[in-house]
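Undergrad: Taken in sequence, the protein lines are chains P and Y. Just so you know, we're using this note's numbering here: the first sequence kicks off at 63 and counts up by one. Just so you know, we're using this note's numbering here: the second sequence kicks off at 63 and counts up by one. Where a beta carbon is used, it is the ideal one built from N, C-alpha and C, also for glycine.
There are 2 protein chains.
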Amino acid sequence: MKPIKVGLLGLGTVGTGVVRIVEGHQSDLQSQVGSPIVIERVLVQNKNKARSIGISPDKLTEDAWDIIHDPEIDVIVEVMGGIETTKGYILEALSRGKHVVTANKDLMALHGPEILAAAHENGCDVLYEASVAGGIPIIRTLVEGFSSDRITKIMGIVNGTTNYILTKMSKEGAAYGDVLKEAQELGYAEADPTSDVEGLDAARKMTILATLGFRANVALEDVDVKGISAISREDILYAKRLGYEVKLLGIAERQDDFISVSVQPTMVKASHPIASVNGVYNAVYVYGEAVGETMFYGAGAGEMPTATSIVADLVAVVKNLKLGVNGKQAKLAYKEKKLKTDEQIASKYFMLLHVQDRAGVLARITQAFAEHEVSLESVLQQPNPSNPEAEIIIITHDANKAAASRVLKSLASMEVVKAIKSVYRVEG
Amino acid sequence: MKPIKVGLLGLGTVGTGVVRIVEGHQSDLQSQVGSPIVIERVLVQNKNKARSIGISPDKLTEDAWDIIHDPEIDVIVEVMGGIETTKGYILEALSRGKHVVTANKDLMALHGPEILAAAHENGCDVLYEASVAGGIPIIRTLVEGFSSDRITKIMGIVNGTTNYILTKMSKEGAAYGDVLKEAQELGYAEADPTSDVEGLDAARKMTILATLGFRANVALEDVDVKGISAISREDILYAKRLGYEVKLLGIAERQDDFISVSVQPTMVKASHPIASVNGVYNAVYVYGEAVGETMFYGAGAGEMPTATSIVADLVAVVKNLKLGVNGKQAKLAYKEKKLKTDEQIASKYFMLLHVQDRAGVLARITQAFAEHEVSLESVLQQPNPSNPEAEIIIITHDANKAAASRVLKSLASMEVVKAIKSVYRVEG
Numbered sequence: 063m064k065p066i067k068v069g070l071l072g073l074g075t076v077g078t079g080v081v082r083i084v085e086g087h088q089s090d091l092q093s094q095v096g097s098p099i100v101i102e103r104v105l106v107q108n109k110n111k112a113r114s115i116g117i118s119p120d121k122l123t124e125d126a127w128d129i130i131h132d133p134e135i136d137v138i139v140e141v142m143g144g145i146e147t148t149k150g151y152i153l154e155a156l157s158r159g160k161h162v163v164t165a166n167k168d169l170m171a172l173h174g175p176e177i178l179a180a181a182h183e184n185g186c187d188v189l190y191e192a193s194v195a196g197g198i199p200i201i202r203t204l205v206e207g208f209s210s211d212r213i214t215k216i217m218g219i220v221n222g223t224t225n226y227i228l229t230k231m232s233k234e235g236a237a238y239g240d241v242l243k244e245a246q247e248l249g250y251a252e253a254d255p256t257s258d259v260e261g262l263d264a265a266r267k268m269t270i271l272a273t274l275g276f277r278a279n280v281a282l283e284d285v286d287v288k289g290i291s292a293i294s295r296e297d298i299l300y301a302k303r304l305g306y307e308v309k310l311l312g313i314a315e316r317q318d319d320f321i322s323v324s325v326q327p328t329m330v331k332a333s334h335p336i337a338s339v340n341g342v343y344n345a346v347y348v349y350g351e352a353v354g355e356t357m358f359y360g361a362g363a364g365e366m367p368t369a370t371s372i373v374a375d376l377v378a379v380v381k382n383l384k385l386g387v388n389g390k391q392a393k394l395a396y397k398e399k400k401l402k403t404d405e406q407i408a409s410k411y412f413m414l415l416h417v418q419d420r421a422g423v424l425a426r427i428t429q430a431f432a433e434h435e436v437s438l439e440s441v442l443q444q445p446n447p448s449n450p451e452a453e454i455i456i457i458t459h460d461a462n463k464a465a466a467s468r469v470l471k472s473l474a475s476m477e478v479v480k481a482i483k484s485v486y487r488v489e490g
Numbered sequence: 063m064k065p066i067k068v069g070l071l072g073l074g075t076v077g078t079g080v081v082r083i084v085e086g087h088q089s090d091l092q093s094q095v096g097s098p099i100v101i102e103r104v105l106v107q108n109k110n111k112a113r114s115i116g117i118s119p120d121k122l123t124e125d126a127w128d129i130i131h132d133p134e135i136d137v138i139v140e141v142m143g144g145i146e147t148t149k150g151y152i153l154e155a156l157s158r159g160k161h162v163v164t165a166n167k168d169l170m171a172l173h174g175p176e177i178l179a180a181a182h183e184n185g186c187d188v189l190y191e192a193s194v195a196g197g198i199p200i201i202r203t204l205v206e207g208f209s210s211d212r213i214t215k216i217m218g219i220v221n222g223t224t225n226y227i228l229t230k231m232s233k234e235g236a237a238y239g240d241v242l243k244e245a246q247e248l249g250y251a252e253a254d255p256t257s258d259v260e261g262l263d264a265a266r267k268m269t270i271l272a273t274l275g276f277r278a279n280v281a282l283e284d285v286d287v288k289g290i291s292a293i294s295r296e297d298i299l300y301a302k303r304l305g306y307e308v309k310l311l312g313i314a315e316r317q318d319d320f321i322s323v324s325v326q327p328t329m330v331k332a333s334h335p336i337a338s339v340n341g342v343y344n345a346v347y348v349y350g351e352a353v354g355e356t357m358f359y360g361a362g363a364g365e366m367p368t369a370t371s372i373v374a375d376l377v378a379v380v381k382n383l384k385l386g387v388n389g390k391q392a393k394l395a396y397k398e399k400k401l402k403t404d405e406q407i408a409s410k411y412f413m414l415l416h417v418q419d420r421a422g423v424l425a426r427i428t429q430a431f432a433e434h435e436v437s438l439e440s441v442l443q444q445p446n447p448s449n450p451e452a453e454i455i456i457i458t459h460d461a462n463k464a465a466a467s468r469v470l471k472s473l474a475s476m477e478v479v480k481a482i483k484s485v486y487r488v489e490g
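(1) With respect to 6 angstroms, is the separation between the Cβ of ILE455 (chain Y) and the closest non-hydrogen atom of the ligand MG below this value?
(2) Identify, in the order they occur along the chain, each residue of the same chain with its Cβ nearer than 8 angstroms to the Cβ of GLU124 (chain Y), setting aside the five sequence neighbours on each side.
(3) Tell me PRO445 (chain Y)'s beta-bridge partners as DSSP assigns them.
(4) Starting from ILE83 (chain P), find everything on chain Y with Cβ-Cβ shorter than 8 angstroms and list it in chain order.
(5) Using a Cβ cut-off of 9 angstroms, pull out every chain Y residue sitting near LEU424 (chain P), in sequence order please.
(6) Could you tell me the distance, in whole angstroms, from the CA atom of VAL308 (chain P) to the CA atom of LYS331 (chain P)?
(7) Quick one: list the residues of chain P neighbouring PHE358 (chain Y), beta-carbon separation under 7 angstroms, in chain order.
(8) Listing by chain order, which chain P residues have their CB less than 7 angstroms from the CB of ALA378 (chain Y)?
(9) Let me check one thing: in DSSP terms, what residues is PHE492 (chain P) bridge-paired to?
(10) Is the distance from the Cβ of VAL323 (chain P) to the Cβ of VAL280 (chain P) below 7 angstroms?
(11) With DSSP collapsed to three states, give me the class of GLN418 (chain Y).
(12) Would you tell me roughly how many angstroms separate the C-alpha atoms of ALA192 (chain Y) and ALA352 (chain P), rounded to the nearest one?
(13) Compile a chain-ordered list of the residues in the stretch 294-312 of chain Y whose CB is closer than 7 angstroms to at least one CB of chain P.
(14) Do TYR411 (chain Y) and THR458 (chain Y) come within 7 angstroms of each other at the CB atom, strictly closer than that value?
(15) Nearest to TYR306 (chain P) by CA position, among P:VAL287, P:TYR349 and P:ILE336, is which residue?
(16) Looking at the secondary structure, which residues open and close the beta strand (DSSP E) in which SER232 (chain P) lies?
(17) Terminal residues of the continuous alpha helix (DSSP H) containing HIS459 (chain P)?
(18) Any Cβ of chain P within less than 7 angstroms of the Cβ of LYS215 (chain Y)?
(19) Pick helix, strand or coil for ILE117 (chain P), following the three-state DSSP scheme.
(20) Output, in sequence order along the chain, the residues in the stretch 190-204 of chain P whose CB is closer than 7 angstroms to any CB in chain Y.
(21) Determine the chain P residues that contact THR370 (chain Y) at a beta-carbon separation under 8 angstroms, and present them in chain order.
(22) Which ranges would you report for the beta strand (DSSP E) in the stretch 116-197 of chain P if only whole runs of at least 3 residues count?
(23) Which same chain residues, not among the five before or five after THR224 (chain Y), have their C-beta less than 8 angstroms away from its C-beta?
(24) Just to confirm, is the Cβ distance from ILE213 (chain Y) to GLY79 (chain Y) under 7 angstroms?
(25) Mind listing the chain P neighbours of VAL385 (chain Y)? Cutoff is C-beta to C-beta under 8 angstroms, in chain order.
(26) Evaluate contact between the stretch 371-390 of chain Y and the stretch 413-430 of chain Y, counting only Cβ atoms and requiring at least three cross-stretch pairs below 8 angstroms.
(27) Could you tell me how far apart the beta carbons of ILE219 (chain P) and ALA301 (chain P) are, in whole angstroms, since I believe they sit closer than 8 angstroms?
(28) Under 7 angstroms, do VAL373 (chain Y) and ILE216 (chain Y) count as touching if we go by C-beta distance?
(29) Check whether the Cβ atoms of MET156 (chain P) and ASN184 (chain P) lie closer than 7 angstroms to each other.
(30) Which residues, in chain order, does the stretch 156-189 of chain P contribute to contact with chain Y at a C-beta distance below 9 angstroms?
(31) Any Cβ of chain P within less than 7 angstroms of the Cβ of TYR396 (chain Y)?
(32) Scan the stretch 414-447 of chain P for residues whose Cβ lies nearer than 7 angstroms to a Cβ of chain Y and list them as they occur along the chain.
(33) Per DSSP, VAL348 (chain Y) forms a beta bridge with which residues?
(34) Could you name the residues of chain Y that LEU73 (chain P) contacts, counting a contact when the two beta carbons are closer than 7 angstroms?
(35) Within a Cβ cutoff of 6 angstroms, which residues of the same chain sit near ILE138 (chain Y), ignoring the five residues on either side of it in sequence?
(36) Just tell me which of P:ALA278, P:MET231 and P:GLU206 has its CA closest to the CA of LYS381 (chain Y).
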């Protein structure tokens, strides 16, 4: 049994987890694939740094090409992150017939089609289960579990940092800024949290999920993105009072082959299964025409959950090697991408307005909705204890995005409307 | 592109769904596998019966051997149910090089190892995703998604009928008998509900999940089974008051290679993700050493969800056909089965006792727990308004099953204990 030799690019948190699993579960892995799996070489930034795992210094290198060009290496596991340089390594590895397992959502969201095409040409596997929702095997589920179905909706809580912040805000009534600071101290948020809190990280993951779920190449720029930094304590309080939780949802939808993908803070009915996904956990809700409602829940990040997905991909590559079928099961998109226009994107909306507290105001406001053919599910007017204005809370029936924009523009132009405090999509 | 020819055994609810998906999603399926998939022949009980789908009468037969012996058929899809006769068909089909997709949990729980061995010998696939939890791709998840991990616990709500009944009892305070009757009227429960309500159906599914999750051949008789028919309204009321929901849980656990599998009504902490799985929905909670907590949720039965899993298996068989690797990825158990003794099975327990309402009783009862080294998490004594006895509610810390049995035996022998009303395992 010739051992399968792995070149590991990166030995940070996740890379360390990969070493731990490959070494700790070696006999189980061997029982499944029939060969030893050996971490042969490891790319690190500094060979002399102290590490929490015992790894022979001979295996470490600071030069990626030592690994990419090593003819003994069968599989590259890429957990170093980064985009352009990393892409160069991966394409070169593929050209040399090496298979690739990667956790790199940024790379796959931006250059997935190019990398998968290169893999296909070279008869190589590129697997990337760990790139979305860490330990949840959602890519396998979409591609294989639901191969028979037509998926029409994917909703994901795919960023643990923002879900941690929103959960804290909801449970403790805390303010965004305070919770962000705490999350940074606990290591749940980066020093520069922009990519997480402004929704970009989630958008990259949704690009990957939408591409796989709808079998059309969705690009990152197709995703309409809004983050959580503008969410107020009041918004969350109102949501809870009306029976909703505010979640940063990635939403990919398809109707008659027209698709839309967005990331935005959304009010989710408390009874919806995704509403109770709390803290740093991730979940992906998938609706298929035949299968109906499903949801997949688990850790979205972290050393060991992410490493679980990477090593499961490694097992799949090695099984394919044994069968001689690498690169023959590529998940290439076969549908033309057609994006929905704003006229085709429908959802309910929540709107919180501050208005002048005098006769006839509500009539004028509801008239604006009627003019743009947006019908209302519920309307609540109440005095605002802290100032002379009144508050109006509106939840619409399903309305298209273009019509909702027209309503908002019309409201903004009314003298009686003092402020449009919040607008949220509503789900469930 | 030579079409792939399918022989369908059974055209009941699920069989009808299979025809609908194969015909309705034909172009999508073809894009994925590269060949048309054709339902070539269908076994029915009565060729002349009226049907809700249009299917050519030429394709129907009342003789299974017409299909098994047809050299044109590539894949058998078995959705007729039954055990011995059906097993004969499947073994014969395998001996003729036909691949098999089955939804038959009874067959796989009882004869899985024999059937999988026959498949392996004949270079054939036998796939059975639909046999557990309908539309949830839990078998793929355990075998492939978590191939790298060591699963230590699987908890499943894998029977929709009982979950429907328990949900109704919990939400409406209704009695078991009334809800069962209603479930029968709605078609959620069979006229003879024994297999569902006494836990046998769940036990079969847990046999399959434990075998796959722990990679050792668990047999149906290894599963300790208790159903829901003895659950009272009071039990559910007490559970809710203490912050629990009563669920029929299949629980498979592993510690140091020793395993236990049970099906029993369990009090689940309301904050546990599986506690909020309601109605006819199924969910499987999986704990892996590396991945931590995960849960997979969806429809556990029904025409289209079950057919989704069957046709996904069919797609996998056809992909393997194209790659020439059928029968080479069999999920055979490679670990020796070692069952836990009652001394090794640990959990918390809830106990509800009726006792004489006089001085010193609580001391005597708690003494019985201490003697058998079962420690207590909480104890509540209160008068029982409807009779002169007092009620004692006890929740233990983790205790082994043997010790808990000894405590119960000792309590039963005490004169002051009038009745041991309920005993439940507690989770979360």
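TA: The answer reads as follows:
(1) Absence of the ligand MG is noted for the structure shown, with no ligands found whatsoever.
(2) In its chain, beyond the 5 residues on either side, LEU105, VAL106, GLN107, ASN108 and LYS109 have a beta carbon closer than 8 angstroms to the beta carbon of GLU124 (chain Y).
(3) PRO445 (chain Y) is bridged to Y:ALA452.
(4) Near ILE83 (chain P) (Cβ distances below 8 angstroms), the residues of chain Y are SER210, ASP211 and ALA352.
(5) Chain Y residues near LEU424 (chain P): none, gap ~36 angstroms exceeds 9 angstroms.
(6) Going by C-alpha positions, VAL308 (chain P) is about 9 angstroms away from LYS331 (chain P).
(7) What PHE358 (chain Y) touches in chain P: PHE358.
(8) In chain order: GLU206.
(9) The requested residue 492 (chain P) is not part of the displayed model; chain P covers only 63 to 490.
(10) For VAL323 (chain P) and VAL280 (chain P), yes; Cβs fall inside 7 angstroms.
(11) In the three-state DSSP reduction, GLN418 (chain Y) falls in the coil class, being neither helix nor strand.
(12) Straight-line Cα distance between these residues: approximately 13 angstroms.
(13) So nothing in the stretch comes that close.
(14) Yes, the Cβ-Cβ distance between THR458 (chain Y) and TYR411 (chain Y) is below 7 angstroms.
(15) Of the candidates P:VAL287, P:TYR349 and P:ILE336, the one whose C-alpha sits nearest the C-alpha of TYR306 (chain P) is P:ILE336.
(16) Unbroken run through SER232 (chain P) is the alpha helix (DSSP H), 222-234; no beta strand (DSSP E).
(17) Unbroken run through HIS459 (chain P): none, as it is neither H nor E.
(18) LYS215 (chain Y) has a beta carbon lying at 7 angstroms or more from every beta carbon in chain P.
(19) Judged by DSSP in its simplified three-state form, ILE117 (chain P) adopts coil rather than helix or strand.
(20) Look at the stretch 190-204 of chain P: the residues with a C-beta under 7 angstroms from a C-beta of chain Y are GLY197, ILE198, PRO199, ARG202 and THR203.
(21) Per Cβ cutoff of 8 angstroms: PHE208, SER210, ASP211, GLY350, ALA352 and VAL353.
(22) Taking 3 residues as the minimum length, the beta strand (DSSP E) runs contained wholly in the stretch 116-197 of chain P are 137-140 and 161-164, in order along the chain.
(23) Only ASP258, VAL259, GLY261, ALA264, GLY289, ILE290 and LEU310 meet the Cβ criterion.
(24) Not a contact, by the Cβ cut-off of 7 angstroms.
(25) At residue 385 (chain Y) the sequence reads Leu, which differs from the Val that was named. Per Cβ cutoff of 8 angstroms: LEU385, VAL387, LYS390 and GLN391.
(26) A contact between stretches requires three or more CB pairs, one per stretch, nearer than 8 angstroms, and the stretch 371-390 of chain Y fails this requirement with the stretch 413-430 of chain Y.
(27) Not quite, the Cβ-Cβ distance comes to about 15 angstroms (not below 8 angstroms), so this is no contact.
(28) Not in contact: VAL373 (chain Y) and ILE216 (chain Y) (Cβ atoms no closer than 7 angstroms).
(29) Note that residue 156 (chain P) is Leu in the sequence shown here, rather than Met. At a Cβ-Cβ threshold of 7 angstroms, LEU156 (chain P) and ASN184 (chain P) count as neighbours.
(30) Listed by position, the residues of the stretch 156-189 of chain P near chain Y (Cβ gap below 9 angstroms) amount to none.
(31) Put simply, the CB of TYR396 (chain Y) is near chain P, with a gap under 7 angstroms to one of its CB atoms.
(32) Those residues of the stretch 414-447 of chain P that come within reach of chain Y (Cβ to Cβ, closer than 7 angstroms) do not exist; the list is empty.
(33) Partner(s): Y:ILE216 and Y:THR356.
(34) The premise fails here: LEU73 (chain P) is roughly 17 angstroms from chain Y at the closest Cβ pair, so nothing lies under 7 angstroms.
(35) For ILE138 (chain Y), where only same-chain residues beyond five positions count, the Cβ hits under 6 angstroms are GLY69, ALA155, LYS160 and VAL162.
(36) Of the candidates P:ALA278, P:MET231 and P:GLU206, the one whose C-alpha sits nearest the C-alpha of LYS381 (chain Y) is P:GLU206.
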